[in-house]
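Going by our numbering, the residue at position 123 of the sequence shown is 123; the numbering climbs one at a time, nothing skipped. Beta carbons: idealized from backbone N, C-alpha and C, even for Gly. Nothing here was measured: the structure is a model prediction, and the numbers come from that model. Read through the structure below, which is laid out as structure tokens, and then see the notes.
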Amino acid sequence: MTPGDRRKLFALGGNTTFDSIDLIISAVGWGAQVLMTYVALYYLNMKPWTSARKFLFIICTIMLLDSTVTFSTVAVSSLLEASSFSGKYTNQAVTEQFLILNWLSNAAQNIALAIGDSVVVWRAWVLLPDGRLWKAVLTILMIANVGLLTADCVVDDTKPLLKLILGFTPSLDWASLLASFIINLFVTLFIVWKWW
Numbered sequence: 001m002t003p004g005d006r007r008k009l010f011a012l013g014g015n016t017t018f019d020s021i022d023l024i025i026s027a028v029g030w031g032a033q034v035l036m037t038y039v040a041l042y043y044l045n046m047k048p049w050t051s052a053r054k055f056l057f058i059i060c061t062i063m064l065l066d067s068t069v070t071f072s073t074v075a076v077s078s079l080l081e082a083s084s085f086s087g088k089y090t091n092q093a094v095t096e097q098f099l100i101l102n103w104l105s106n107a108a109q110n111i112a113l114a115i116g117d118s119v120v121v122w123r124a125w126v127l128l129p130d131g132r133l134w135k136a137v138l139t140i141l142m143i144a145n146v147g148l149l150t151a152d153c154v155v156d157d158t159k160p161l162l163k164l165i166l167g168f169t170p171s172l173d174w175a176s177l178l179a180s181f182i183i184n185l186f187v188t189l190f191i192v193w194k195w196w
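Below you can see the structure in the form of structure tokens.
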């Protein structure tokens with residue numbers, strides 16, 4: 001066994017370990033999401049259907065589909081990485097498939113963030129007094145958040161092109177997550193204040 005073979009074997013073992021851990025964590029998260037969706041749908045069916053309950057049913061279904069897509073991309077990425085080390089596919093084919101899976105995973109995660117933020121803002125909107133100022137602030141914050149999440153998806157998709165044009169790659173990951181966190185914190189504190 002040559003030193004190059006040892007390095008490849010060591011890299012394969014390390015990557016397989018990390019991919020296995022990532023897959024286990026994703027599977028547990030997906031299972032928890034399925035369980036929570038089942039419980040939510042069970043309790044939604046216990047009362048008569050209203051427009052708000054129909055909306056919650058649609059949101060629960062979309063979030064379940066979104067988490068399924070995220071879990072599937074993690075699973076397929078792990079299998080793809082193992083197949084690239086085994087020599088089953090060429091590096092170019094694996095790289096192209098990784099790019100597609102990475103884009104799909106980022107888009108699915110941003111969709112989940114946008115839906116979660118929208119539901120929290122919708123709940124705060126219902127609790128708001130009749131004043132238009134707070135409703136306008138919430139609407140502007142939510143539109144800005146959706147815009148940042150969309151821009152983050154576009155920047156993640158066009159990173160090689162932006163690096164070529166600008167000479168560096170801008171990252172909106174921190175900005176979109178920070179905006180989502182601030183909106184959730186602001187709205188949740190408002191809901192707690194109204195509830196108290």
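- prompt: If you run the structure through DSSP and keep just helix, strand and coil, what is G14?
  reply: The residue given as residue 14 occupies position 14 in the sequence shown. Here G14 sits in helix by DSSP.
message: Using the Cβ count rule (16 or more neighbours within 10 Å means buried), how would you classify L197?
response: Residue 197 falls outside the range modelled here, since the chain spans only 1 to 196, and no answer is possible.
task: Report yes or no: do three or more beta-carbon pairs, one from the region 88 to 108 and one from the region 66 to 79, lie closer than 8 Å?
output: yes
- prompt: For V23, which option in T37, T73, L44, W49 has the closest C-alpha, if you only look at C-alpha atoms?
  reply: In the sequence shown, the residue the question calls residue 23 occupies position 23. According to the sequence as given, residue 23 is Leu; it is not Val. Among T37, T73, L44, W49, the Cα nearest to that of L23 belongs to T73.
Reference L189, options A136, L148, L127, D156, closest by Cα: As a first step, residue 189 is located in the sequence shown; it is residue number 189 there, counting from the start. Considering only alpha carbons, the answer is L127.
task: Determine the DSSP secondary structure at L128, reduced to helix, strand or coil.
output: Here residue 128 is taken as the residue at index 128 of the sequence shown, counted from 1. Coil at L128, not helix or strand.
task: With DSSP collapsed to three states, give me the class of K135.
output: Counting from one through the sequence shown, the residue named residue 135 turns up at place 135. In this structure, K135 counts as helix in the three-state DSSP scheme.
- prompt: So, using beta-carbon positions, are T16 and A75 closer together than 8 Å?
  reply: Your numbering for residue 16 matches position 16 in the sequence shown. Your numbering for residue 75 matches position 75 in the sequence shown. Their beta carbons are not under 8 Å apart, which means T16 does not touch A75 by this criterion.
task: Please check the pair L80 and Q97, which I expect to be a contact at CB under 8 Å, by giving their CB distance rounded to whole angstroms.
output: Indexing the sequence shown from 1 puts residue 80 at position 80. Indexing the sequence shown from 1 puts residue 97 at position 97. Confirmed, Cβ separation roughly 6 Å.
message: Nearest by alpha-carbon distance to G116: which of N102, A136, V146, V94 is it?
response: For the purposes of this step, residue 116 is identified with residue 116 of the sequence shown, where counting begins at 1. Here the closest residue by C-alpha is V146.
message: According to DSSP, simplified to helix, strand and coil, what is N106?
response: For the purposes of this step, residue 106 is taken as residue 106 along the sequence shown, with counting starting at 1. Residue state, collapsed to three classes: helix.
query: Do V121 and W138 come within 8 Å of each other at the CB atom, strictly closer than that value?
result: Position 138 of the sequence shown, counted from the start, is the residue given in the question as residue 138. Position 121 of the sequence shown, counted from the start, is the residue given in the question as residue 121. At residue 138 the sequence reads Leu, which differs from the Trp that was named. Yes. Within cutoff.
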